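Visitor:
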Amino acid sequence: MDFLEPALALDETHYHEGYRNGYDDGLVSGKEEGRQVGLKNGFQVGEELGFYQGCLDVWMSVIRLDQDAFSARVRKYMEQLAALVSNYPLSDPEDEQLQGMMREIRLKFSVITGSLGAKLGYEGRPTSSEQDIEDM
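At position 47 of the sequence shown (counting the first as 1) the number is 34 in my numbering, and the numbers step up by one without a gap.
1. In chain order, what are the residue ranges of uninterrupted beta strand (DSSP E) at least 3 long that sit wholly in the region 68 to 94?
2. From K95, V32 and L107, pick the residue whose C-alpha is nearest to that of P76; which is it?
3. Considering only their Cβ atoms, is the gap separating E91 from L71 smaller than 7 Å?
4. Please classify Y10 as buried or exposed, where buried requires at least 16 neighbouring CB atoms within 10 angstroms.
5. Please state the DSSP three-state secondary structure of L107.
6. Identify whether Q23 lies in helix, strand or coil by the three-state DSSP scheme.
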């Protein structure tokens, strides 16, 4: 029997015990961290969708007061945006199409504001360069 075997066995025991403790701690902290990230991202999505819905509400109020306030083409874009916003699956955050749907909403909003000659945009969303940095 090698005189180093007990030391190696003790080292191996401590290694496995440390791994188990770290793994268990990681499970607990990982769930909490995931929850916090989910809350933050969910809030940001809700805030952005609320911004678009608020703009739609104002525009629809204007239309109710004056049917000719916007061209038929712009009203059609507004209806399309309203459908996109209302069909966004808030209760299914794991839907793989969410990013594409949000891009479509942003694009439709840009088309509307461009058609109106309005410089209006959601300020809470990072610019594309900031988004690229965050995605790294």
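All C-beta atoms, glycine included, are put in the ideal place defined by N, C-alpha and C.
Because the structure is a prediction, the values reported are computed rather than measured.
Guide: According to the data block:
1. none
2. That would be V32, whose Cα lies nearest to the Cα of P76.
3. yes
4. exposed
5. coil
6. Under the three-state reduction of DSSP, Q23 is assigned to helix.
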